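Peer 1:
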Amino acid sequence: MMAADFKRRFFIALIVSIPILILSPTIQDWFGFSIAQFPGDKFVLFGLASIIALYTAWPFYTNGWDELKEKQLGMMVLVSLAVLSGYLYSAATTFFIDAPDFYWEISTLAMVLLLGHWLEMRAVVGTSGALKELVKLIPPKANKIKDDKTTEVVETAMLAVNDLVLVKPGEKVPIDGVVVEGQSSANESLITGESKPVTKKVGNEVIGGSLNMDGSLTIKVTKTGDDTALAQIVELVKGAQNSQPKTQKLADRAAHYLTLIAIIVGVGTFFVWNFWLGASFVFALTLAITVVVITCPHALGLAIPTVTTITTTLAARNGILVKDMDGLENAKDIDWILFDKTGTLTNGEFGVIEVVGFNADEHDVIKMAASLESKSEHVIAKSIVAKAKSERQNLLPVNNFKAIAGHGVIGTVDSKEVIVGTVKLMQDNGIELQSEYVKRISSLEQRGNTVVYVAQDKKLIGVVALADAIKPESKQAIAELKLLGKQVAMITGDQDVVAKSVAEALGIDKYFSRVLPEDKVNKVKELQKGGFKVMMVGDGVNDAPALTQSEVGVAIGAGTDVAVASSEIVLVKNNPLDIVKLVILSKATMRKMKQNLGWALGYNIVAIPLAAGVLGSWGIFLRPEWGAIAMTLSSVIVVINALMLRRITFSHKSN
23 MMAADFKRRF FIALIVSIPI LILSPTIQDW FGFSIAQFPG DKFVLFGLAS IIALYTAWPF
83 YTNGWDELKE KQLGMMVLVS LAVLSGYLYS AATTFFIDAP DFYWEISTLA MVLLLGHWLE
143 MRAVVGTSGA LKELVKLIPP KANKIKDDKT TEVVETAMLA VNDLVLVKPG EKVPIDGVVV
203 EGQSSANESL ITGESKPVTK KVGNEVIGGS LNMDGSLTIK VTKTGDDTAL AQIVELVKGA
263 QNSQPKTQKL ADRAAHYLTL IAIIVGVGTF FVWNFWLGAS FVFALTLAIT VVVITCPHAL
323 GLAIPTVTTI TTTLAARNGI LVKDMDGLEN AKDIDWILFD KTGTLTNGEF GVIEVVGFNA
383 DEHDVIKMAA SLESKSEHVI AKSIVAKAKS ERQNLLPVNN FKAIAGHGVI GTVDSKEVIV
443 GTVKLMQDNG IELQSEYVKR ISSLEQRGNT VVYVAQDKKL IGVVALADAI KPESKQAIAE
503 LKLLGKQVAM ITGDQDVVAK SVAEALGIDK YFSRVLPEDK VNKVKELQKG GFKVMMVGDG
563 VNDAPALTQS EVGVAIGAGT DVAVASSEIV LVKNNPLDIV KLVILSKATM RKMKQNLGWA
623 LGYNIVAIPL AAGVLGSWGI FLRPEWGAIA MTLSSVIVVI NALMLRRITF SHKSN
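Just so we're aligned, residue 23 is where the sequence shown starts under the numbering used here, counting upward by one.
1) At which residues does the beta strand (DSSP E) containing E526 begin and terminate?
2) Along the chain, where does the beta strand (DSSP E) that runs through D362 open and close?
3) With DSSP collapsed to three states, give me the class of E174.
4) Short check: CB of P539 to CB of G428, under 8 angstroms?
5) Using the C-alpha atoms, what's the distance from L282 back to V314?
6) On the CB-based measure, 16 or more other CB atoms within 10 Å of its CB, does F303 come out buried or exposed?
7) Out of curiosity, what's the CA-to-CA distance linking N165 and N226?
8) Tell me the DSSP secondary structure of I283 in three-state form.
9) So for F82, helix, strand or coil by DSSP?
10) I'd like to confirm the pairing. Which residues does DSSP put opposite M512 in its beta bridges?
11) Compute the distance between the beta-carbons of L665 and T611, then report whether it is under 8 angstroms.
12) Look up N421 in the DSSP assignment and give the residues it is bridged to.
13) Candidates S207, I197 and L655: which alpha carbon is nearest L135's?
14) What is the residue span of the beta strand (DSSP E) that L95 lies within?
15) Determine, using beta-carbon pairs with one atom in the region 499-509 and one in the region 602-609, whether at least three such pairs fall under 8 angstroms.
16) Is the number of C-beta pairs between the region 324-340 and the region 628-638 that are closer than 8 angstroms three or more?
17) Roughly how far, in whole angstroms, is the beta-carbon of I375 from the beta-carbon of A521, given that I think they are within contact range, below 8 angstroms?
18) Flag this pair as yes or no: are the beta carbons of P598 and T366 separated by less than 8 angstroms?
19) Find the nearest neighbour of P494 within the set N596, Q468 and K345, judged by alpha-carbon distance.
20) Write down every uninterrupted run of the alpha helix (DSSP H) in the region 338-417 whose length is 4 residues or greater and which is fully enclosed by it, in chain order.
21) Quick check on DSSP: helix, strand or coil for G443?
22) Where does L181 sit, in a helix, a strand or coil, going by DSSP?
23) By the three-class DSSP mapping on this structure, what secondary structure does E502 have?
24) Would you kindly work out how many angstroms separate the C-alpha atoms of D683 and G507, rounded to a whole number?
25) From the DSSP secondary-structure annotation, give me the bridge partner or partners of A227.
26) How many Å lie between G620 and A277 at the Cα?
27) For the region 389-406 and the region 419-434, state whether three or more C-beta atom pairs, one from each stretch, are separated by less than 8 angstroms.
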C-alpha cells in the first residue's frame, strides 16, 4: 500500500510540476522564452505549488510529526522543514514581498523525494514479497481420507493434526506431515534451496508446499496453521528483518547527528551569509534551504535496512534462516568454527557392524541391548534397536529404565539388570573387564568404531561395534572454510581413536573427544579464553548451552523444526557446506553495509560544505533542486548496491 501511495503522489507531482517549470521565471530566463507569462501567472504558480506542498508531500509531514512526538530528529523532520520553508517563503513572495519564489525548486524537491521513496518501497516490498510467495505455494485444497477410506476435497485450512491426506503424483503437499503409506520423491527446493528430489517413504517428514513427484503418498498431518515450516520461516525472517544489527544502531546514531548538523549548519549558513558576508536575505535563505535538503540522512537511513531485507530473504531461499542479524553480522569475524561430529560432519546414523559375545550368544547380546535401548532416543540406541529388528528379534519388556547422560542406560530386562553404555559406566557399576576381552575390544576401537558395552547382572556379556560414515560434503566444507581463513575444530563424545580417525580424514587439526553434553560449553569457553571468537555448529538440542555461549550459534539440520532455540542461525538442511554459504553471505552482507555507510557518510561530508557555499568565492553554489536530485541519487545508489547481493555466488573461488 505504501509503495502504491508514493507512486500515485509521485505521478501527480510530476504532472503538476510540468506547468510549474514552464511558468517559473527562473526557467524562462534559463531558456530565454517568455511566452508563458501572463497577468496573474504567479497566482497560478501558487495554486499548483500548493498541490505539491499540501497534498503530494503530506506523508513527509505526518512522518516528521511522528518523529517529533517521539522526541527524535530524523530525516522526515528535515524533509518537512525543507519543503515547508520553501513553500511558505514563496507564498510570501506571491502576496506580500517582491522577491523570487522557490515554487519550482520545492516542486522538484518533492517530486524527486517521492520518486526515491517509491523506488525504495518497491525494493523492500519486492524482496519481502518473495517470502509471501512461498506461502502461496500451499495448495488451497486437499484430499482428506475419511474413515471409510474414501477421499473428499476439503479446504487445506480445515485440516487438523492426525488427519490423513492423499497426495497424488504431480500434486503439491498441502500441509506438513509424516508419510504413513507409499513411497515417492519430493522437490523441497522452496525450503531447502536444493532442487534435487528427496526420497520419501514411510516415517519420513514432508513439507507443505513441496512437490510430490512420482508416487502416491498418504500423510498424517503433524502441523497446521502458524506451526507449519513455511509459516515459521516467514515469521523468522520477518523477525530478522526487524532486528537491528550493531551496524544499524551505529547508522541510527549517525542519522540523528546528521539531522542536528543539518539544522545547525542550515541556520548558521543563513546568518553567516546574510549578516556577516552581507548577502541578500533571499540568497542566504536559498543556501540554508539547500543545506537542509542536501544533508537529509535518507541514504544513511536506507544503508542497513535494505541490505538486511535482501540478505535475510536470500538466505531463506538457500535454507539459511537468520533469527538474529547480529549472528549473521558476527559470522564473518569468527576465528574458530567448532563442529559437533555426530550428525553434523557424519551421517549420524550409526550402523551396527559387529556384535561380539563374551560367554553369551551374539543374538542374545543384541536382544538384551536393544530391549533396553528401545526406551532411549539416542542415535546409537536407535541403531542397536534397528539391528535387532533386522534380525526379527522380539524385544523384551523393560522396567526401572534410567538414562545416564553421556554414558548409557540402565534398567531391568526380563527380570535381569542390564547396563548398556561406555566403559566408564561399566567401571562405575563394578563390572570387571577381563584382559582377553580388552584385547578384542581394542582391536575394534583401533579401527575407529564406537564400542558399546553390554552387561547383565554385573557381568560383561558382550560389546556392540558401530560406525558412523562421514558425509561426502564434509571434507569439501572444511577445506573451503580454511580457504576463507577460518580455523576448524571438532567436538564429540566419542573415544579419542574415533575422533582422531574422523579428524584426520577431514583435515581437522584440533578436536575434542570424550566430551559430555554439559561439557561442550566449557570447550567453547576454552577457545574464547584465548581471545578467539567461536561459532558452534550443532543440532540445537544437546548442544544448546554451547550454542548460547558461542558468538554465533548455528543449529544444523533442523528440517521442519525451524524455530530451534538457542541459536542465531538455523540451517534447514544437514549439509556442512551451508556453513561455507553462511560465512560467504556474512562477508558479502557486511561488505555491502560498510559500502552503503561509507557512501552515505562520505557523500554528506562532501555535500554539506558545498551546499553551505564554501566555494562561493569561486562562484560555485549548489541550488536546492540539484541538492534534492543529488540526495535522491544517493539513496538510489544505496538501494542498487544492496540489490547487488542477489548476484552472490556461494563459492569461495567466486568471492
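Using N, Cα and C, we set each Cβ at its ideal position, and we do this for glycine too.
Computed from a prediction, not measured in an experiment: that's the story for all the values here.
Peer 2: Straight from the coordinates:
1) Per DSSP, E526 belongs to no beta strand (DSSP E); it is in the alpha helix (DSSP H), D518 to L528.
2) W358 to D362
3) Strand, per DSSP.
4) yes
5) Distance between the alpha carbons of V314 and L282 is about 10 angstroms.
6) exposed
7) If you draw a straight line from the Cα of N165 to the Cα of N226, it is about 19 angstroms long.
8) helix
9) Helix.
10) F361 and Y533
11) Contact flag unset, no.
12) T434
13) Of the listed residues, the one whose Cα sits closest to L135 is L655.
14) Annotation: L95 is outside any beta strand (DSSP E) and is labelled neither H nor E by DSSP.
15) yes
16) No: fewer than three Cβ pairs fall under 8 angstroms.
17) I375 to A521, Cβ: 18 angstroms. No contact.
18) The answer is yes: Cβ separation under 8 angstroms.
19) N596
20) Within the region 338-417, the alpha helix (DSSP H) runs of at least 4 residues that lie entirely inside it are, in chain order, 347-353, 384-395 and 401-412.
21) strand
22) Three-state DSSP puts L181 in coil, outside helix and strand.
23) helix
24) This structure cannot settle anything about residue 683, because the visible part of the chain is limited to 23 through 677.
25) Strictly speaking, residue 227 in this sequence is Glu, with Ala absent from that position. According to DSSP, E227 bridges with V200.
26) 13 angstroms
27) These segments touch.
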